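What follows is one structure encoded as structure tokens, with my remarks underneath.
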Amino acid sequence: MIKSPNQQAEDTDTFFAQPLHQFLTYRLSRVQAKLNTQAQRILSEAADISLIQWRIIALIGSSGDSHAGELTRRAALDKGLFSRNLKTLMKRGMVTSRADKADHRISILSLTEDGHALYQKVLPIMRARQRALRSTMTKSELDTLHRALDKLEIAAEKDELDI
Numbered sequence: 029m030i031k032s033p034n035q036q037a038e039d040t041d042t043f044f045a046q047p048l049h050q051f052l053t054y055r056l057s058r059v060q061a062k063l064n065t066q067a068q069r070i071l072s073e074a075a076d077i078s079l080i081q082w083r084i085i086a087l088i089g090s091s092g093d094s095h096a097g098e099l100t101r102r103a104a105l106d107k108g109l110f111s112r113n114l115k116t117l118m119k120r121g122m123v124t125s126r127a128d129k130a131d132h133r134i135s136i137l138s139l140t141e142d143g144h145a146l147y148q149k150v151l152p153i154m155r156a157r158q159r160a161l162r163s164t165m166t167k168s169e170l171d172t173l174h175r176a177l178d179k180l181e182i183a184a185e186k187d188e189l190d191i
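Residues are numbered in our numbering as their position in the sequence shown, beginning at 1, plus a constant of 28.
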């Protein structure tokens, strides 16, 4: 059944009359927090690293030598949080940094031999976790979720919404 714009507006108004725990942003935040806690436990047990440290290692490991600024943008991480965790990884001998030959202001990050070994050890574990999470939904549900997340990401990038 196709709804008229008035019916759609009524449905939207009814939705927003719901309590806070039904707000879309609240639900997404709760799910993200639970998934992050789960991932942190897995990473701590498997490799004694934090989720942020894993994201840095995984980004470098999957793309090779990378500009630090580009990684912070791709990972959508706070620059300070990224920097602190990068320093920890460098102290642990997992990541190295060198100046870009063309622009000495830019740092190029690489995994060390130990960093690459850790990446190869943890990647199958995190892939298995992804498979387990995906297995809780049908292909159709996953496709719908991805389309919905794409739309939300686009809406989140807008300076203004029609409010």
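Every residue, glycine too, gets a C-beta built ideally from N, C-alpha and C.
Keep in mind that this is a model prediction, so the values were computed, not measured.
According to DSSP, is residue i part of a helix, a strand, or is it coil?
{"i": "His-132", "result": "coil"}
{"i": "Ala-45", "result": "coil"}
{"i": "Arg-126", "result": "strand"}
{"i": "Ser-72", "result": "helix"}
{"i": "Leu-180", "result": "helix"}
{"i": "Leu-105", "result": "coil"}
{"i": "Leu-117", "result": "helix"}
{"i": "Leu-173", "result": "helix"}
{"i": "Leu-137", "result": "strand"}
{"i": "Ser-91", "result": "helix"}
{"i": "Leu-189", "result": "coil"}
{"i": "Ser-78", "result": "coil"}
{"i": "Phe-110", "result": "helix"}
{"i": "Ser-57", "result": "helix"}
{"i": "Leu-154", "result": "In the sequence as displayed, the identity of residue 154 is Met instead of Leu. In the structure shown, Met-154 sits in a helix (DSSP, three-state: H, G or I)."}
{"i": "Asp-168", "result": "According to the sequence shown, residue 168 is Ser rather than Asp. Helix, per DSSP."}
Would you call residue i buried or exposed, if buried means 16 or more other Cβ atoms sit within 10 Å of its Cβ?
{"i": "Gly-143", "result": "buried"}
{"i": "Ala-96", "result": "buried"}
{"i": "Thr-100", "result": "buried"}
{"i": "Ser-90", "result": "exposed"}
{"i": "Leu-114", "result": "buried"}
{"i": "Ser-94", "result": "buried"}
{"i": "Leu-48", "result": "exposed"}
{"i": "Leu-189", "result": "exposed"}
{"i": "Leu-173", "result": "exposed"}
{"i": "Tyr-54", "result": "exposed"}
{"i": "Leu-52", "result": "exposed"}
{"i": "Leu-117", "result": "buried"}
Since residue i contacts residue j with CB under 8 Å, what's their CB separation in whole angstroms?
{"i": "Ile-88", "j": "Leu-137", "result": "5 Å"}
{"i": "Leu-63", "j": "Leu-71", "result": "With 8 Å as the limit, Leu-63 and Leu-71 do not qualify as a contact, their Cβ atoms being about 12 Å apart."}
{"i": "Leu-139", "j": "Val-123", "result": "6 Å"}
{"i": "Ala-74", "j": "Ile-153", "result": "5 Å"}
{"i": "Arg-162", "j": "Leu-170", "result": "6 Å"}
Can you name, in chain order, every residue of its own chain whose Cβ lies under 6 Å from the Cβ of residue i, other than the five neighbours on each side?
{"i": "Ser-135", "result": "Ala-96, Ser-125"}
{"i": "Ala-194", "result": "Residue 194 lies beyond the stretch modelled for the chain, which goes from 29 to 191, so this question has no answer here."}
{"i": "Asp-128", "result": "Ile-134, Ile-136"}
Here's a check: name, in chain order, each residue in its chain whose Cβ is nearer than 8 Å to the Cβ of residue i, leaving out the five neighbours to either side.
{"i": "Ile-191", "result": "none"}
{"i": "Leu-109", "result": "Ile-80"}
Quick one: residues in its chain with C-beta nearer than 7 Å to the C-beta of residue i, no 5 flanking neighbours on either side, listed in chain order?
{"i": "Ala-61", "result": "none"}
Against chain C, with Cβ distances strictly below 8 Å, would residue i count as a contact?
{"i": "Ala-75", "result": "Protein chains in the displayed structure number just one, and chain C is not present."}
Is the number of C-beta pairs between the segment 70–89 and the segment 100–107 that are closer than 8 Å three or more?
yes
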